[in-house]
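Using our numbering, the first residue of the sequence shown is number 69, and each one after it goes up by one.
Glycine residues also receive a C-beta, built at the ideal position from the N, C-alpha and C atoms.
Quick caveat, the model's predicted, so the values are computed rather than measured.
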Amino acid sequence: MQALLRTDAIRVESYVGPSGERSLADDVLDGLTRPFKELPPKHFYDATGADLFDRICELPEYYPTRAERAILEQRSAEIVAATGAAELVELGSGTAAKTRLLLRAMADAGTLRRYVPVDVTEAMVLTCADELVDEFPGLRVHGIVGDFERHLSHVPRPDDGPRIVAFIGGTIGNFPPGSRRRFLRAIAKLLRPGVDHLLLGTDLVKDPAVLEAAYDDSAGITAAFNRNVLHVVNRELDADFDVDAFEHVAFFDREREWIEMRLRAQRRMDVNVRALGLKIAFAPREELRTEISAKFTVERLGADLAAAGLELRDVLTDPDELFALSLSARPGG
Ligand code: SAH
Ligand code: AVI
69 MQALLRTDAI RVESYVGPSG ERSLADDVLD GLTRPFKELP PKHFYDATGA DLFDRICELP
129 EYYPTRAERA ILEQRSAEIV AATGAAELVE LGSGTAAKTR LLLRAMADAG TLRRYVPVDV
189 TEAMVLTCAD ELVDEFPGLR VHGIVGDFER HLSHVPRPDD GPRIVAFIGG TIGNFPPGSR
249 RRFLRAIAKL LRPGVDHLLL GTDLVKDPAV LEAAYDDSAG ITAAFNRNVL HVVNRELDAD
309 FDVDAFEHVA FFDREREWIE MRLRAQRRMD VNVRALGLKI AFAPREELRT EISAKFTVER
369 LGADLAAAGL ELRDVLTDPD ELFALSLSAR PGG
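Here's what the structure looks like:
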């Protein structure tokens, strides 16, 4: 662990660094040497990727951010009243743009004590810690720069009143189904039975045309976000991907009910990953899967939560029922 910042109000710890690069190296070795090539989506988010993601959230086609924001604008006070939350732990916090609505509702209710953002991108955690202590006088921020799949044990114990663990934005949909339930079980361990709640954002199944447009926008921002992962591999592992020779592909798999993003090689290519002494061959039109983004029904959401030992307490949706925020808890207490 590396302590990045410590003041009276802010404490930020980092668990990435050399092992973060290791994890990209492991994922490249593991994912690009298989017959069906694949990279996990967490490597999208370097500074450029985080910036591109922010631009995606503003796109006319990308409805999830607006829909989730609409729910939070209308229902944050209700969420805070139902949970009595004094502390907000947020996984994949990013810029915490929508989170401010919850923090504001907690401040208005007089319960706000501590915010614990967890994100792989160091700059995000540092910037939002600084901004939030200015915006919410008396707030303490304990930030964790880390991989939420590996570093959840470093989330501090609850210290002052009930906690909400927020995993919003639909990021749970980026997990493959098996690890999704495993991850929900790990989150459940951060909750005290009968005291704390999980606030989970999930995108809902809808017209495939609407879904596909959200992941293949006319301005090409999602395509740039997708290709950016190859820039990350080039920079971090001294590789020579010809990034522009890969085409952005996004489609809705109706059977599995998820969006899949891929990068398709437009010609035969041999890519050198010099840091790993690895040569990767791409056949013409060969595809590399870079992300799945699962879409949910309320039934499937309830089943996933139940498999993780969580009881679904409430489902809040926007007026067009595009997106859902659910509250769940461990029974008992
Ligand atoms: N919650 C925000 C941001 C969503 S984007 C919103 O709703 O707008 C996904 C965020 O999760 C990014 O900030 C990214 O850096 C972070 N992230 C992705 N994979 C991660 C991982 N394995 N561990 C920690 N953070 C991760
Ligand atoms: C972060 N995550 C929920 C986004 C999603 O919609 O699956 C990432 C994204 N990929 C393409 N556009 C946005």
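Near the ligand SAH: residue i beta-carbon under 8 Å from a heavy atom
i	result
Leu289	What sits at residue 289 in the sequence shown is Ile, not Leu. Answer for Ile289: no, Cβ out of range of the ligand SAH.
Ile240	no
Tyr83	no
Phe121	yes
Cys125	yes
Phe216	yes
Ile232	no
Ala118	yes
Glu199	no
Ile78	no
Ser221	no
Tyr183	no
Ser161	yes
Check: residue i C-beta below 8 Å from any heavy atom of the ligand AVI
i	result
Ile255	no
Pro109	yes
Tyr131	no
Ala282	yes
Phe293	yes
Ile147	no
Met192	no
Ile348	no
Ile139	no
Glu328	no
Asp187	no
Glu323	no
Gly237	yes
Glu106	no
Status (buried if at least 16 other CB within 10 Å, exposed otherwise) for residue i
i	result
Asp321	exposed
Thr101	exposed
Phe235	buried
Leu194	buried
Ala191	exposed
Val278	exposed
Arg208	buried
Asp202	exposed
Asp228	exposed
Pro128	exposed
Ala388	Reading off the sequence, residue 388 comes out as Asp, not Ala. By the neighbour-count rule (16 or more Cβ atoms within 10 Å), Asp388 is not buried but exposed.
Gly241	buried
Ser161	buried
Gly206	exposed
Phe112	buried
Beta-carbon proximity check, residue i vs residue j, cutoff 9 Å
i	j	result
Met329	Ala313	no
Leu390	Arg143	no
Phe364	Asp271	yes
Ser396	Leu384	no
Ile232	Leu169	no
Asn294	Thr358	yes
Ser31	Ile327	This structure does not reach residue 31, given that the chain is present from 69 up to 401, and the question cannot be answered.
Leu346	Leu97	yes
Asp153	Pro230	The sequence as given places Ala at residue 153; Asp does not occur at that position. Cβ atoms of Ala153 and Pro230: closer than 9 Å.
Gly211	Ala197	yes
Leu252	Asp372	yes
Ser82	Ala71	yes
Gly117	Glu106	no
Asp306	Ala281	no
Ser91	Arg181	no
Met69	His316	no
Glu367	Leu331	no
Pro224	Asp264	no
Ala164	Leu220	no
Val184	Val84	no
Same chain, Cβ closer than 6 Å to residue i, five either side skipped, listed in chain order
i	result
Glu325	Val273 and Lys363
Phe350	Ala333 and Met337
Leu159	Val186, Phe216 and Phe235
Leu73	Val80
Ala173	Ser144, Ala145 and Val148
Asp382	Leu395
Asp114	Val300
Ala175	Phe204
Pro108	Asp95
Ala352	A quick correction: the sequence has Pro, not Ala, at residue 352. Closer than 6 Å at Cβ, skipping near neighbours: Arg335 and Arg336.
Ala77	Val201 and Arg208
7 Å Cβ shell around residue i - same chain, five flanking residues per side excluded
i	result
Asp308	Asn302, Val339 and Asn340
Lys166	Glu136, Arg137, Leu140 and Ile236
Tyr131	Ala282 and Leu390
Leu249	It is Arg, not Leu, that sits at residue 249 in the sequence shown. Answer for Arg249: Asp372, Ala375 and Ala376, listed in chain order.
Asp310	Met337
Beta-carbon proximity list for residue i, same chain, < 8 Å, skipping 5 on both sides
i	result
Gly262	Ala397, Arg398, Pro399, Gly400 and Gly401
Ala256	Leu266, Ala376, Gly377, Leu378 and Arg398
Gly370	Leu380
Ile289	Leu120, Arg123, Ile124 and Leu127
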